[in-house]
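Numbering (the working numbering), first residue to last: 1492 to 1903.
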Ligand code: RFL
C-alpha cells in the first residue's frame, strides 16, 4: 500500500486490493493475500472488540480445515478440538448416530466457534504486518469498470480517505454497501423463504456429546457445542416471533420436550434472538473490479452449517485468482470466479434446503401436512439404514464432494 499526497485534509492512497469487512470472509481473504505477497487494506465499520465477539457458526468443515492447512495457516487460525465425526439425530426421542466424516484422508472438521476463528485471523493478519482499519464510515465505491477502482471512506477521526486499487473484495455481509454499488439490473437475486422461524439461544450449559438435531411433533430443536462449557440451541418457532416471548423457563421446557431429554441441564442464557430461515443467492458474484465474497453474495439457512464455510471457500478462490493475476498475469481464474463459487453455493444451498425440509417436515405435520411428513421420515429412514445414503450425506457435511473440485468450463 502506498500513501500519496494529503490534499485539503484528504488522504490519498493506493493498494492492490481493498477488502471491505473484517468478518470470516474479509479476514481470510486478507490473510491469504498477505501470504501471497499482495498488499491489501481491510476496512471495517465496527470496532475490533465488536467484530471479534460476534458468535455465529461453530464448526469449520473438513474442506476449510484443509484449505487453511494448504496455506500454512491451520495452526495459527484454528482452535478447538477436532469434531469427532458423529452427528446425532433424535427422532421422537430415539437416537440415531450418523457418521458425518467422509472417510477421505486428511484432517476432518474442527469445533472452532466463529468468533475464535475471527480473533485468530485478526491476530495472524496483524502479526503479519496487515493493514486493518476499524470504525470506518461512509464507505463508497467508484470506477468499478475503469482501469482502477476507487474506494472512499472516513476514518474513525473523520479524515476522508481515497484509495485506488486493482480489486475490491466485497466482504461486508448481507447488509453491507458493496453490493449496492452494482448498477440495477446487473445482479439477479434468487431468494427463498422457508416460512419457518428459529429461536436461537446461547447458554453457559454443558455441550452435547455430539452435535444434535431433534425431530419431534412439537417442532424441530438442536443442540450444538460452542466450547467446553457453552452451547448453542435452536428451537423452531413461528416466523416473525419476538425473542421476548421465550422466557428462560419456556426455552428449557421446550428443549427438554423436543430433545426428549427431561434431565437436560439448564444454564444462564447469554444471548437470544429469532430469525427467519431464508436463502438468497446473487448472480453473478462479480461486477468489474468488485468481487462479492461470503454473505455479501449469498445467505444459506443455518441448517447444515454452510454459511461461514462458503465464505471461507469464496475467499480462497478470490485470493488464488488475484495471485494468478499478480504473479503470472493470468486472469482466467478471475474470470471464472463467479461461476466457480456459484457452483458450490448452489450445491450447499441444495444440501441445506434438503436438510431444512427434512428435519422440519418430519416433525410437526401442521407445517407441511402428513404427505410431506411421511416423505421426510422416509428420507431419514434411508439416511439411518443405507451406507450409500450416509456416505453422500457425509461428503456434503465435510464439504468435500467431488463435484466441487471438478473444473468448471472456463477453467484452464
Ligand atoms: P459477516 O460475518 O457478516 O461479516 C461482514 C463484516 O462486514 C462489516 N461491514 C462493513 N464494513 C465496512 N463498511 C460497511 N459499510 C460495512 N457493512 C458491514 C460487518 O461489520 C462485518 O464485520 O460476513 P462474512 O464474512 O461473509 O461471514 C459470513 C458468516 O458470518 C455467516 O455466513 C455465518 O455466520 C452463518 N451462520 C453459520 N454458518 C456456518 O457455516 N455454520 C453455522 O453453524 C452457522 N450458524 C450462522 C449461524 C448465522 C447466524 N445468523 C446470522 C442468523 C447461526 C446464526 C444465528
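Built from N, CA and C at the ideal position, the CB exists for glycine as well. In this text the structure is predicted, and so the values were computed from the model without any measurement.
Exercise for review: Can you tell me which of the three DSSP states residue 1837 falls into?
Suggested key: Numbered from 1 along the chain shown, position 346 holds the residue referred to as residue 1837. Three-state DSSP puts residue 1837 in a helix.
Check your understanding: Are there three or more Cβ pairs, one per stretch, closer than 8 angstroms when the segment 1771–1778 is compared with the segment 1665–1678?
Key -> yes
Check your understanding: Is residue 1547 near the ligand RFL, in the sense that its beta carbon is under 7 angstroms from a heavy atom of that ligand?
Key -> Walking along the chain shown from the start, residue 1547 turns up at place 56. Checking every heavy atom of the ligand RFL against the Cβ of residue 1547, one is found closer than 7 angstroms.
Review point. So what does residue 1503 bridge to, in DSSP terms?
Key: Stepping through the chain shown from its first residue, residue 1503 is reached at position 12. According to DSSP, residue 1503 bridges with 1653.
Review point. Can residue 1760 be considered in contact with the ligand RFL, in the sense that its beta carbon sits closer than 7 angstroms to one or more heavy atoms?
Key: Locating residue 1760 in the chain shown gives position 269, counting from the first residue. Not so, every heavy atom of the ligand RFL lies at least 7 angstroms from the Cβ.
Check your understanding: Cβ of residue 1875 versus every heavy atom of the ligand RFL: is any distance shorter than 7 angstroms?
Key -> Residue 1875 sits at position 384 when you count from the first residue of the chain shown. Outside the cutoff, so no.
Check your understanding: Based on the DSSP output, what are the partners of residue 1767 in its beta bridges?
Key -> Numbered from 1 along the chain shown, position 276 holds the residue referred to as residue 1767. Answer is 1688.
Review point. CB residue 1507 to CB residue 1713, shorter than 8 angstroms?
Key: Translated into positions along the chain shown, residue 1507 becomes position 16. Translated into positions along the chain shown, residue 1713 becomes position 222. Contact flag unset, no.
Point to revise | Reduced DSSP category for residue 1889 - H, G, I as helix; E, B as strand; rest coil | key: Along the chain shown, one-based indexing puts residue 1889 at 398. Residue 1889 falls in the helix class under three-state DSSP.
Practice item. With a cut-off of 8 angstroms on the beta carbons, I'd call residue 1758 and residue 1662 a contact; round off their distance for me. Key: Taking the first residue of the chain shown as 1, we reach residue 1758 at position 267. Taking the first residue of the chain shown as 1, we reach residue 1662 at position 171. Contact doesn't hold; Cβ gap of about 34 angstroms is too wide.
Practice item. Throw me the rounded Cβ distance for the residue 1723 and residue 1691 pair, which I believe falls under 8 angstroms. Key: Residue numbering aside, residue 1723 sits at position 232 when the chain shown is read from its first letter. Residue numbering aside, residue 1691 sits at position 200 when the chain shown is read from its first letter. Contact holds; Cβ gap of about 6 angstroms.
**Study point:** Nearest residue (CA-CA) to residue 1521, options 1545, 1540, 1564
**Key:** Your numbering for residue 1521 matches position 30 in the chain shown. For the residues 1545, 1540, 1564, the minimum Cα distance to residue 1521 belongs to 1564.
Check your understanding: Beta-carbon separation of residue 1639 and residue 1534 under 8 angstroms?
Key -> Position 148 of the chain shown, counted from the start, is the residue given in the question as residue 1639. Position 43 of the chain shown, counted from the start, is the residue given in the question as residue 1534. No.
Point to revise | residue 1711 vs residue 1727 beta-carbon contact at 8 angstroms | key: For the purposes of this step, residue 1711 is taken as residue 220 along the chain shown, with counting starting at 1. For the purposes of this step, residue 1727 is taken as residue 236 along the chain shown, with counting starting at 1. Contact: yes.
Check your understanding: Is the closest heavy atom of the ligand RFL to the C-beta of residue 1776 under 7 angstroms?
Key -> In the chain shown, counting from the first residue as 1, residue 1776 sits at position 285. No, Cβ of residue 1776 sits at least 7 angstroms from all heavy atoms of the ligand RFL.
Check your understanding: Is any heavy atom of the ligand RFL found at a distance shorter than 7 angstroms from the C-beta of residue 1888?
Key -> The sequence position of residue 1888 within the chain shown is 397, counting from 1. Residue 1888 Cβ: outside cutoff for every heavy atom of the ligand RFL.
Exercise for review: Could you tell me the boundaries of the beta strand (DSSP E) in which residue 1586 lies?
Suggested key: The residue given as residue 1586 occupies position 95 in the chain shown. Following the DSSP letters along the chain, one finds residue 1586 inside the beta strand (DSSP E) bounded by residues 1585–1590.
Review point. CB of residue 1847 to nearest heavy atom of the ligand MG: below 7 angstroms?
Key: By its list of ligands, the structure shown excludes the ligand MG, since it contains just the ligand RFL.
Point to revise | Any non-hydrogen atom of the ligand RFL closer than 7 angstroms to residue 1793 Cβ | key: In the chain shown, the residue the question calls residue 1793 occupies position 302. Yes, the beta carbon of residue 1793 sits closer than 7 angstroms to at least one heavy atom of the ligand RFL.
Exercise for review: Indicate the three-state DSSP secondary structure (helix, strand or coil) for residue 1903 in the structure shown.
Suggested key: Residue numbering aside, residue 1903 sits at position 412 when the chain shown is read from its first letter. Note that residue 1903 has pLDDT 33, beneath the 50 cutoff, so the model's placement of it is unreliable and no number is given.
**Study point:** CB of residue 1510 within 8 angstroms of CB of residue 1660, strictly
**Key:** The residue you call residue 1510 lines up with position 19 of the chain shown. The residue you call residue 1660 lines up with position 169 of the chain shown. Yes, the Cβ-Cβ distance between residue 1510 and residue 1660 is below 8 angstroms.
Practice item. Determine, using beta carbons only, whether residue 1611 and residue 1548 come nearer to each other than 8 angstroms. Key: Here residue 1611 is taken as the residue at index 120 of the chain shown, counted from 1. Here residue 1548 is taken as the residue at index 57 of the chain shown, counted from 1. Between residue 1611 and residue 1548, the C-beta spacing is not below 8 angstroms.
Exercise for review: Compute the Euclidean distance between the alpha carbons of residue 1720 and residue 1695, then round it to the nearest angstrom.
Suggested key: For the purposes of this step, residue 1720 is taken as the residue at position 229 of the chain shown. For the purposes of this step, residue 1695 is taken as the residue at position 204 of the chain shown. Computed Cα separation, rounded: 6 angstroms.
Review point. Between residue 1891 and residue 1554, which are expected to be in contact by the criterion C-beta below 8 angstroms, what is the C-beta distance as a whole number of angstroms?
Key: In the chain shown, the residue the question calls residue 1891 occupies position 400. In the chain shown, the residue the question calls residue 1554 occupies position 63. So it is a contact: roughly 5 angstroms between Cβ atoms.
Review point. Whose CA, out of 1834, 1796, 1561, lies closest to the CA of residue 1597?
Key: Here residue 1597 refers to the residue found at position 106 of the chain shown. Considering only alpha carbons, the answer is 1561.
Exercise for review: Alpha carbon to alpha carbon, how far is residue 1870 from residue 1901? Give it in angstroms, no decimals.
Suggested key: Position 410 of the chain shown, counting from 1, holds the residue named residue 1901. Position 379 of the chain shown, counting from 1, holds the residue named residue 1870. At residue 1901, the pLDDT of 45 sits below 50, so the modelled position is not reliable; the number obtained from the coordinates is stated separately. Their backbone Cα atoms lie some 36 angstroms apart in a straight line.
Practice item. Compute every distance between the C-beta of residue 1691 and the non-hydrogen atoms of the ligand RFL, then say whether any falls below 7 angstroms. Key: Walking along the chain shown from the start, residue 1691 turns up at place 200. Yes, the beta carbon of residue 1691 sits closer than 7 angstroms to at least one heavy atom of the ligand RFL.
Point to revise | Expected contact under 8 angstroms - CB spacing of residue 1665 and residue 1516 to nearest Å | key: To locate residue 1665, count along the chain shown from 1; it is residue 174. To locate residue 1516, count along the chain shown from 1; it is residue 25. That belief does not hold up - the Cβ atoms of residue 1665 and residue 1516 are roughly 12 angstroms apart, past 8 angstroms.
Exercise for review: On a CA-only basis, which of 1583, 1579, 1828 is nearest residue 1592? Give me that one, please.
Suggested key: Position 101 of the chain shown, counted from the first residue, corresponds to residue 1592. Comparing Cα positions, the closest option is 1579.
Review point. What is the DSSP secondary structure of residue 1842, counted as helix, strand or coil?
Key: Here residue 1842 is taken as the residue at index 351 of the chain shown, counted from 1. Note: residue 1842 maps to helix in three-state DSSP.
Practice item. Would you grab the beta carbon distance between residue 1505 and residue 1655 for me? Rounded to a whole angstrom, and I think it's under 8 angstroms. Key: On the chain shown, position 14 is the one that residue 1505 refers to. On the chain shown, position 164 is the one that residue 1655 refers to. The C-beta separation of residue 1505 from residue 1655 comes to about 5 angstroms, placing the pair in contact by the 8 angstroms criterion.
Exercise for review: Could you name the residues that DSSP lists as bridge partners for residue 1679?
Suggested key: Counting from one through the chain shown, the residue named residue 1679 turns up at place 188. 1774.
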